[in-house]
Amino acid sequence: MKFMKLGTRPDAFYTEESTRKITSDIPSNLTVLIDDISYHVHTLQFVLLPKCGLIQRLCSSHGIDSDNVMVLELHEIPGGGDAFELCAKFCYGITTNFSAHNIVSALCAAHFLQMTESVEKGNFALKLEIFFSTCILEGWKDSIVALQTTGRLSEWSENLGIIRRCIDSIVDKILTPPSKVTWPYTYTRPGYSGKRHQSVPKDWWTEDISEVDIDLFRCIITTVRSANMLPLQLIGEALHVYACCWLPDIKKISPTETSDSRNEESLDRKRRILVSIASMIPEQRGSVSVGFLLRLSSMVKFLGVSPVIKAELIKRSSLQLEDAALNDLLLPSHSSTEEDRHFYDINLVGAVLESYLREWKRQSTGGSKRHQRSIVKVGTLIDLYLQVIARDVNTPVQKFLWLAEAIPEIARPNHDDLYKAINIYLEEHPDLSKQEKKRLCRILDCQRLSPEICTHAVRNERLPLRTVVQLLFFEQERAGIATSSDNIKKQEEAEEELPPPTAATQQAPASASAAHELSKLKLGLGKKISEVESTRSSTPGIRKAEEKLLEYSAAEKVPTRRSKTPSIGNEREHQKLRTQDQRVPVEAKQKLVIEQVQERRVEIRHGTHGNGFEPKKTMHRRQR
Numbered sequence: 001m002k003f004m005k006l007g008t009r010p011d012a013f014y015t016e017e018s019t020r021k022i023t024s025d026i027p028s029n030l031t032v033l034i035d036d037i038s039y040h041v042h043t044l045q046f047v048l049l050p051k052c053g054l055i056q057r058l059c060s061s062h063g064i065d066s067d068n069v070m071v072l073e074l075h076e077i078p079g080g081g082d083a084f085e086l087c088a089k090f091c092y093g094i095t096t097n098f099s100a101h102n103i104v105s106a107l108c109a110a111h112f113l114q115m116t117e118s119v120e121k122g123n124f125a126l127k128l129e130i131f132f133s134t135c136i137l138e139g140w141k142d143s144i145v146a147l148q149t150t151g152r153l154s155e156w157s158e159n160l161g162i163i164r165r166c167i168d169s170i171v172d173k174i175l176t177p178p179s180k181v182t183w184p185y186t187y188t189r190p191g192y193s194g195k196r197h198q199s200v201p202k203d204w205w206t207e208d209i210s211e212v213d214i215d216l217f218r219c220i221i222t223t224v225r226s227a228n229m230l231p232l233q234l235i236g237e238a239l240h241v242y243a244c245c246w247l248p249d250i251k252k253i254s255p256t257e258t259s260d261s262r263n264e265e266s267l268d269r270k271r272r273i274l275v276s277i278a279s280m281i282p283e284q285r286g287s288v289s290v291g292f293l294l295r296l297s298s299m300v301k302f303l304g305v306s307p308v309i310k311a312e313l314i315k316r317s318s319l320q321l322e323d324a325a326l327n328d329l330l331l332p333s334h335s336s337t338e339e340d341r342h343f344y345d346i347n348l349v350g351a352v353l354e355s356y357l358r359e360w361k362r363q364s365t366g367g368s369k370r371h372q373r374s375i376v377k378v379g380t381l382i383d384l385y386l387q388v389i390a391r392d393v394n395t396p397v398q399k400f401l402w403l404a405e406a407i408p409e410i411a412r413p414n415h416d417d418l419y420k421a422i423n424i425y426l427e428e429h430p431d432l433s434k435q436e437k438k439r440l441c442r443i444l445d446c447q448r449l450s451p452e453i454c455t456h457a458v459r460n461e462r463l464p465l466r467t468v469v470q471l472l473f474f475e476q477e478r479a480g481i482a483t484s485s486d487n488i489k490k491q492e493e494a495e496e497e498l499p500p501p502t503a504a505t506q507q508a509p510a511s512a513s514a515a516h517e518l519s520k521l522k523l524g525l526g527k528k529i530s531e532v533e534s535t536r537s538s539t540p541g542i543r544k545a546e547e548k549l550l551e552y553s554a555a556e557k558v559p560t561r562r563s564k565t566p567s568i569g570n571e572r573e574h575q576k577l578r579t580q581d582q583r584v585p586v587e588a589k590q591k592l593v594i595e596q597v598q599e600r601r602v603e604i605r606h607g608t609h610g611n612g613f614e615p616k617k618t619m620h621r622r623q624r
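FYI, in UniProt numbering the residues of the sequence shown are 1 to 624.
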């Protein structure tokens, strides 16, 4: 920081109660009243009158000579009593130091007192102007400090062009390429060390300009953007740094702390900052992070800002939701209502998700891969968020279901993360009713669970019986399909390795292979039956459900005129119609499907599946 020293005499001002006097053998003949302080000075003896055009005019209008004591009220002087004292010390020749902290107030006061060249050559205003132009505006931090001091003297600073000159100086340095930056700056990012990084970071200027008032900050950002020389990501970073400096961290605010318990003046200032920052965010996607947008959205309710601002921030957040991390969504709720006493702000996340889904449905009519990847990333993110909020005992089941059911099916290629979230919620909320548990598990698709998760779910005592039965059914079906595929592959490999068949050996291999496969099928089915029996013995509810299922199946059997040996095609058609009948319960349909799967397995083993070709005929055809 640069300084200028004027004068050579020692300081002779002293305070006596509410009066500032100067040590002198000559009594003062001028009293200047500024606010609650009176300054007793001299008009002629130490050339105060010849240097101040305003005092000359006031004294001449009153017709008072140097022998009379005159009282002047200068309450309007910019900078107040301190600025007047700087001007008085210059007139007395008292040593005074000037820097970026007091140059603006002294310059405004000098112009107010008309201490210009038209009154006396080499006057106070000219000396201050030279120092301001050649020293203050040439420095980076001096320009920022001087600009910050104009807040109390906005009218005079604006009229004298001080604000505009400071802003132009700051913007010129911001637009300077980082390789040409030679002046000191403040940069305290976590993990950054100037000794390890020889090059200047692109956002080197963001922390220093965060010291100015929000209105001046807006002027700087507007001027920088109008130059079109910096990427919008740097503008967004500057907004982020400013918000971190002046707005409270929403994640560190006590849940019991409300806006009513804080100082109203401080709250009003923070509201102005939040509204200004929200209005300055560039429209380009990615100019600011989605985490920053979400924190601003959460801050709106806490500070009591207009809902219009929150709606705009939610819309901007939804456009970048796929780029969000889990930590970005973990924002605390500061609601005082009884129904929203949960720890996390689920309402905000739900509003952002709904806005995202509306935009996604509007743009995904073409079904592009980018939109599919986007919705899958969002679905995974929400499932992870559900796992976190499930641990909060105050999270209501309606809010949990609201988020879980909002995700479309295409967003969940598998339901493993959703199952984990539901399992955590059931574990942390043991008092749920049966209906609530059924509603939770109804959104699970058992066919989209991995084998590991399916194995865990079958043994999960917290799941409803209906869900466990569905899991057993789909697990058995999956195991049957896998076994059939393996057997067919092994059979084809064995057929390729066999020598050409003869009349004596055509039927023996087929019979042996079919018997071997049938024994393996029985063994696998026996294991499944033992698992189901063990589950039934430990859970009486499953046994009752099966008894009802058998009663319903017996009631459904209607005698029809059939031949003693009904054809396989008619029997399959009858089963197909029953599975498509909407009146048949899901359990009955599942049993019919199991029977069909078992029949097809037997047909595959005996070689009668498909077009009816037996294995030996297939080998004959390949041989020919």
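C-beta atoms are modelled at their ideal positions from N, C-alpha and C, and glycine is treated no differently. Remember, it's a predicted structure, so these values are computed and weren't measured experimentally.
Inclusion of Ala110 and Ala125 in the CB contact set at 8 Å is warranted, their separation being smaller than that value. In this structure, Ser210 sits near Val241, with a CB-CB distance shorter than 8 Å. If you ignore the 5 residues before and after Val200, its C-beta comes within less than 6 Å of the C-beta of Pro178, Val181, all in its own chain and listed in chain order.
When the beta-carbon positions are compared, Val378 and Leu321 come within less than 8 Å of each other. Short of 8 Å from the beta carbon of Lys202, and not among the five residues preceding or following it, lie these beta carbons of its own chain, in chain order: Pro178, Leu234.
By the neighbour-count criterion, in which a residue is buried when 16 or more other Cβ atoms sit within 10 angstroms of its Cβ, Tyr344 is buried. Runs of the alpha helix (DSSP H) spanning 4 or more residues and lying entirely within the segment 95 to 125 occur at 103 to 112, in chain order.
Of the residues assessed, Thr395 falls on the buried side of the cut-off, its CB having 16 or more other CB atoms within 10 angstroms. When Ser105, Lys51, Phe112, Cys135 are compared, the shortest CA-CA separation from Met1 is found for Cys135.
Sequence-distant Cβ neighbours of Ala457 in its own chain, meaning closer than 7 Å and more than five residues away, are Tyr419, Leu449, Leu463, Leu471. Exposed is the label assigned to Tyr14, since fewer than 16 other Cβ atoms lie within 10 Å of its Cβ. Per the DSSP secondary-structure output, Lys377 pairs with nothing in a beta bridge. With respect to the 8 Å criterion, Thr31 and His42 are not classified as neighbours on the basis of their beta carbons.
When the beta-carbon positions are compared, Ala421 and Asp383 come within less than 8 Å of each other.
Taking C-beta separations shorter than 8 Å and ignoring five residues to either side along the sequence, the partners of Ile55 in its chain run Leu30, Thr43, Leu48, Leu49, Leu72, Leu113, following chain order. Under the criterion of beta carbons closer than 8 Å, Val212 and Gln148 qualify as touching, at roughly 5 Å. Secondary structure of His456 (DSSP, three-state): helix.
DSSP, read as helix, strand or coil, puts His40 in strand.
If you ignore the 5 residues before and after Leu303, its C-beta comes within less than 7 Å of the C-beta of Ser259, Leu267, Lys270, Arg271, Leu274, all in its own chain and listed in chain order. Spanning the alpha carbons of Tyr425 and Cys454 requires a straight line of approximately 18 Å. The beta carbon of Phe217 is closer than 7 Å to those of Ile209, Tyr242 in its chain, skipping five residues each way along the sequence. Bounds of any beta strand (DSSP E) do not take in Tyr356; it lies within the alpha helix (DSSP H) bounded by 346 to 363. In this structure Thr8 does not touch Thr96 by the C-beta definition: roughly 10 Å separates them, more than the 8 Å allowed. The C-alpha of Leu432 lies about 26 Å from the C-alpha of Leu353. In this structure, Met4 keeps its C-beta atom at 8 Å or more from the C-beta atom of Lys51.
Under the criterion of beta carbons closer than 8 Å, Ser143 and Cys166 qualify as touching, at roughly 5 Å.
Note that the C-beta distance between Lys251 and Pro332 is below 8 Å.
Assignment of Val181 by DSSP, reduced to helix, strand and coil, places it in the coil class.
Here His75 has Leu33, Ile34, Asp35 as same chain residues with Cβ atoms under 8 Å from its own Cβ, once five neighbours each way along the sequence are excluded. According to the DSSP assignment, Leu296 belongs to no beta strand (DSSP E) but to the alpha helix (DSSP H) extending over 290 to 303. Around Met299, the same chain offers Leu247, Ile250, Leu274 as residues with beta carbons nearer than 7 Å, after the five sequence neighbours per side are excluded.
In the three-state reduction of the DSSP assignment, Phe3 falls in the coil class. Residue environment for Gly122: exposed (fewer than 16 other C-beta atoms within 10 angstroms of its C-beta). The continuous beta strand (DSSP E) containing Glu73 extends over residues 70 to 73.
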